[in-house]
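Here's the structure we're looking at; comments come further down.
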Amino acid sequence: MQRAIVVKLLSVDPQNYSDAPREGIRRILEMATGKSHPRDKPVDTSAIELIRMGTTVATNALLERKGEPCALLITKGFKDLLHIGTQSRPKIFDLAIHAPDVLYEQVLQVDERVTLVGYTSTRFGLDVEIPENDNGYVKGVTGEYVRVIQSPNLAQVRKGLQQLFDQGFQSLAVSLMHSYTFAEHENQIGQIAKEIGFTHVTLSSSIMPMIKIVTRGTSAIVDAYLTPTIQRYISGFLSGFDQGITSRVRVEFMQSDGGLSPVASFSGFRAILSGPAAGVVGYALTSYDEIEGSPTIGFDMGGTSTDVSRYAGRYEHVFESTTAGVTIQAPQLDINTVAAGGGSRLFFRNGMFVVGPESCGADPGPACYGKGGPLAITDANLLLGRLVPEYFPRIFGDTEKGPLDENATSRLFKEMTDQINAFLTTRENPTTVTCDEVAYGFVKVADESMCRPIRALTQAKGYDTAHHVLACFGGAGGQHACAIARSLGIKTILIHKYSSILSAYGLSLADVVYEVQEPSAITFEDKNLDSIKARAAALTEICVAELQKQGFPIELVVPEIHLNLRYQGTDAALMTLKPPCSWDFKTEFVNQYQQEFGFTLPDRDIIVDDIRIRGVGKSTGIVKTNVYHELKHLTKRNIAKDKADAEKYVYFEGGMIKTPVYKLDKLTVGDELNGPALLIENNATIVVAPDCSAVITSEHVVVTIGDGKRVKTGTELDPIQLSIFGHRFMSIAEQMGRTLQKTAVSTNIKERLDFSCALFGPDGGLVANAPHIPVHLGSMQEAVRWQMKTLEKEIKDGDVLLSNHPAAGGSHLPDLTVITPVFNQGRIEFFVASRGHHADIGGMQPGSMPPHSKELYQEGAAIKSFFLVRAGKFDEPGVVKILSQDPAQYPGCSGTRCLRDNISDLKAQVAANHRGITLVQALIKEYGLDVVQAYMRYIRENAELAVRNLLKDVSKKHDTETGSATFDFTGTGPEVYANTNAPPAVCYSAIIYCLRCLVNMEMPLNQGALAPITIIIPPASLLAPSDSAAVVGGNVLTSQRLCDVILKAFKAAAASQGCCNNFTFGMPNSEKGDGFGYYETIAGGAGAGPTWEGRSGIHTHMTNTRITDPEILERRYPVILRQFGLRKGSGGAGQYCGGDGVIREIEFLEKLDISILSERRVFRPYGLNGGQDGVPGMNVLIRVNPKTKEARILNLGGKNAAVANPGDRIRIETPGGGGWGQVASETTKVEAEELGNIAEVIRREAYGSLKLMSLKTTLQ
């Protein structure tokens, strides 16, 4: 029989040992063999067969930025690409934008370039003839043809690499455009680097050959940054053993994908989730049974955060994830982390209970650690009796020899309770709470914050959370498991006997994995099946050979064949496992797509993006018991309370209850006990709540959740319930957003994330708006209320409305708002709505963002009210009429150029709304309609309170008694005969956004923020235009300038770029087929503030949309992105400098209509408090004569449209942000080039075959 030995050590204890894992192995050897293994000698490996480890070395190095100094080689023109990334800011309300720094220290640009032949945005885009015997055209790995525009000068590359080597760099990452399909240039550079002597070279094409240079390049740099660090750690670890560690012992490390890797091939970018992944394997292989079939949710609650995941018979992987602010492409288990753990701090802010995200850390730790720390969740559990100090080791206090400090916890909770009661006694219905009620309230709020990612993991993918089992592990999880399971409707909790060390146990169960992958770009159809099978067979052979080389006999090698499939024209690829006995991937994919997204696209081809083989070397040796089988045959016996080790008072819903305490190691298999009870093991406490029961099996504690006595929540305000409802309302809006992103097909919604979703009360007032796009914050409410007022008697149950007109609460016409009312007994209970930017809705210009529009009709379809769904039926003929036929009736205008995408995205918006309705109705079923509607009102009052408190603090120029203020726009000029008019709804959004930024703490995003505000907008002005006024620029330009004005009034920050830099290009419909429209907004510089530098190359204020990855852009459209980087020196100087703008230059390969809609091309973004202004932007068209190759440089100004011919380029240079504070006299700052110098700038940048006309040529 196997004997388990458990040893737990401090991860760092340099006074006693140099390496904790090695010390643990040494101690286990002494216990197992009875022989001495002295610390001062190499560990004898003669009794060791296998060592398996998980490590946080890579994660910690990434979090602390302590990896290997490394350099990046990237295609010329993209030096700053990884700095800019997606251009979106991580926290939209953070004026002091904190984005992670890049991991590399030097960049070497390689003068090479390839691009794809053809494009996919039209049906005829791939109809390209490839010249015969032309070496400039090469077939890539994907099957797509690649045009080699410029091969690298290898002598120059060698010279640059030698310079990097001489500077001391040993680690490199290489990432070139389109290397996922054409890797020759990367391979050449890698060879040279090895010849020079670089010890580590990561080629992006080797580690993850998938399209998207930003994430692939970041993955390469992460590997170059982390792998040498890991190798040094491993070398140090192995050095403490005798020589047998390398000759006889198998040493394996856990990877982020849940598979083990031999130590020799363990790499950095696959190691980031090494520790959590082992825990997933642990619960997956001990808690799931294929015959019983209940999917399992893993709940791993630690000190600072909680990890949740799901297992239903196979590991769920994601292939793009973000850790420590760094987004990489790598197969990783789908683990969601929330900043709520035992160390999460507790606050009472603006009438709400708030848990985290701040953590008290290990030192000083929670208040009960006796080191002066703040209140944390651990303190709440201690005060409530859920932690019993007598069973804790005496390791606390300054001497680290004392017990848990109950007095410190009680004292701080008394202070917080006094603070809360002082607030509650000022309310309309005064009341008070006890310390126990306060502590229990914080536990309930923490439980709800941990339920939120679980709902996202299950419900957002189409699974019913209640049909799962909860597998609980980690040190703190047992204290919260019953409450979380009950909240989610889960009936069974499994807690393994090794729950506190389940990650370590999972290592013993895990399989060794070796993966290979190739990109593809072919359709999944019969004519391509033989080719797909052949490529899969070749990759399978590689996997099997590698695992056999590692010592696995062929019968223990299981190759898994996956195809990464998506519908043509969409981005939602699903990694699809080959069915057991066939190659019917299509059925598998369609079923999986239906499950996750709720619909399919039967009229579209299925594209194979990648062929992936996951070779599994099966582990043997450990016998896994089946807990479900054991339970069925178990003889249970109820144990009496007198068998308890002790009795303690523990707080549950309603008050303190005398509760037995059992030591788990004294219970035997079959023992059953009813709650309430506490089960104590060496490293954890399990709370069995009232109306629950627990039974002991050979390896688990199985807790069954009873129905319980739910305390009825009343309609009166309870600050605890307010916090819980705040989480629930926001979770609903977030899940709507996830549904919309997944079900939409357009680039704008799916990839650029240009959408918002929100929940509204029965009066149409905004309750919760997920933090998507700030310009939508206040305006959607106006759209909902307009429909209520106008169509109150016409709206029926089953109707869905569509609107985009600025007079009806719209922002600009491309933003289509879909509104769904929900009825009960003939009355509207609430509304949900989603707003998404559609790439084209007709009008005078492809992309529906015309720079010279003067009338609303020129901007596309204008819809005040349209019944998109009537009595449950989607009106597709009506959509065709309003989007295609109606706009084309006006002179110089066309209908939509993307009708198919419009219809698909509108259906996605309807689906997102339906998701929101389902979730709110579940909330109503749980609490009752009157309670939900009451808290919809209270949550708005809470936002009002937060803003009033802000206004009382920041200025004396308003009513300090009530915290109200007036935003008076009197003096605003009249409506303009152009398109920078902004509807009042946009002004409301700007005010809400700025107030939320100034509050600078989490608060509900709803209409309550405007309750203390009086807004005065003169009629018939720029901010209140007539119904027929053009407004397309108001939403994206005027809104940004409004933010600058408001923040300047509060002296909060210097001006940011003041613009979204809206660029569109497209092709009209023709006899060849449908055309297309493409739209993007471009980053710039952020304004500096009193304590911060402005961020460079980032979106600011009213937008936060992503930019399309360069490789995706060139695959879809007939363009070449020639440059995308920072515009050095464009930020204003100051004590704190403004952020730099960017340079984006695009070459056109076909005749296209282009337009630019931008601001601050003349006036500079201003500095504040003595800081200097940022440099204004500029837009130039480089017009190329196809015969002479001479280039004219044409100044487009801020707003213009043109026809671009093949070979023409547009160069957009965005403004920098203003500086803050006086510049020191000795400081000098080189400014970016302005318009008069642009010809010289372009001359300096090698333009290949282009010949610039004389510099004396007048700029036009």
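Quick note on the UniProt record's numbering: the sequence shown kicks off at 1 and runs consecutively. Backbone N, C-alpha and C fix where the C-beta goes; we use that ideal spot for every residue, glycine too.
Problem - Span of the alpha helix (DSSP H) around residue 510 - result: Run containing residue 510: none; DSSP gives neither H nor E here.
Practice task
For residue 581, count neighbouring C-beta atoms within 10 Å of its own C-beta (all shown protein chains included) and say buried if the count is 16 or more, exposed if not.
Solution key: exposed
Problem - Selected residue, minimal CA-CA separation from residue 869, among 907, 862, 849 - result: 907
Practice task
Compute the Euclidean distance between the alpha carbons of residue 357 and residue 446, then round it to the nearest angstrom.
Solution key: 10 Å
Problem - Segment contact, 8 Å Cβ cut-off, at least three pairs: the region 270-277 with the region 448-467 - result: no
Practice task
Decide if the region 567-586 is in contact with the region 597-608; the criterion is three or more beta carbon pairs, one per stretch, under 8 Å apart.
Solution key: yes
Problem - C-beta contact flag for residue 1201 and residue 1194 at 9 Å - result: no
Problem - Beta-carbon proximity list for residue 9, same chain, < 7 Å, skipping 5 on both sides - result: 20, 23, 24
Handout entry: 4 or more residues per run - each alpha helix (DSSP H) lying fully within the region 828-911
Key = 876-880
Practice task
Taking only the alpha-carbon atoms, compute the straight-line gap between residue 667 and residue 347 and give it to the nearest angstrom.
Solution key: 39 Å
Problem - Contacts around residue 1063, its chain only, beta-carbon distance under 7 Å, and the 5 residues preceding and following it disregarded - result: 1080, 1082, 1156, 1212
Practice task
Determine the DSSP secondary structure at residue 803, reduced to helix, strand or coil.
Solution key: strand
Practice task
Measure the C-alpha to C-alpha separation of residue 338 and residue 307 and round it to an integer number of angstroms.
Solution key: 7 Å
Practice task
State the Cα-Cα distance for the pair residue 1060 and residue 809, rounded to the nearest angstrom.
Solution key: 21 Å
Problem - N- and C-terminal bounds of the beta strand (DSSP E) containing residue 1163 - result: No beta strand (DSSP E) contains residue 1163, which DSSP labels as neither H nor E.
Practice task
Tell me the start and end of each unbroken alpha helix (DSSP H) in the region 360-420 that is at least 4 residues and wholly inside, in chain order.
Solution key: 377-383
Practice task
Measure the C-alpha to C-alpha separation of residue 342 and residue 763 and round it to an integer number of angstroms.
Solution key: 40 Å
Exercise for the section: Take residue 1123 as the anchor and find which of 74, 43, 29, 509 has the nearest alpha-carbon. Expected result: 74
Handout entry: Same chain, Cβ closer than 6 Å to residue 673, five either side skipped, listed in chain order
Key = 639, 694
Problem - Opening and closing residue of the alpha helix (DSSP H) in which residue 821 lies - result: Unbroken run through residue 821 is the beta strand (DSSP E), 815-824; no alpha helix (DSSP H).
Practice task
Taking all protein chains shown into account, decide if residue 938 is buried (16 or more other Cβ within 10 angstroms of its Cβ) or exposed.
Solution key: buried
Practice task
Pull up the distance between the alpha-carbon of residue 126 and that of residue 146, whole angstroms please.
Solution key: 12 Å
Problem - For residue 688 and residue 647, the rounded distance between their alpha carbons - result: 14 Å
Handout entry: Cβ neighbour criterion (16 or more within 10 Å) applied to residue 717
Key = buried
Problem - Limits of the unbroken alpha helix (DSSP H) element including residue 218 - result: 213-238
Practice task
Determine the contact status of residue 52 and residue 383, defining contact as a CB-CB distance below 9 Å.
Solution key: no
Handout entry: Backbone CA spacing between residue 1049 and residue 469 [nearest angstrom]
Key = 54 Å
Problem - Assigned exposure category for residue 1007 - 16 Cβ within 10 Å defines buried - result: buried
Exercise for the section: Return the CA-CA distance between residue 365 and residue 1221, expressed in angstroms with no decimal places. Expected result: 38 Å
Exercise for the section: Would you identify the three-state DSSP class for residue 279, choosing helix, strand or coil? Expected result: helix
Problem - N-terminal and C-terminal residue of the alpha helix (DSSP H) that residue 311 is part of - result: Residue 311 -> not in any alpha helix (DSSP H); beta strand (DSSP E) instead, spanning 306-311.
Handout entry: Beta-carbon proximity of residue 1139 to residue 1171, cut-off 9 Å
Key = no
Handout entry: Reduced DSSP category for residue 453 - H, G, I as helix; E, B as strand; rest coil
Key = helix
Exercise for the section: May I have a chain-ordered list of the beta strand (DSSP E) segments no shorter than 3 residues that lie completely inside the region 57-138? Expected result: 70-75, 106-110, 113-116
Exercise for the section: Name the one or two DSSP bridge partners that residue 614 has. Expected result: 515, 560
Handout entry: Residues near residue 1113 by beta carbon distance below 7 Å, same chain, minus five either side
Key = 1119, 1121
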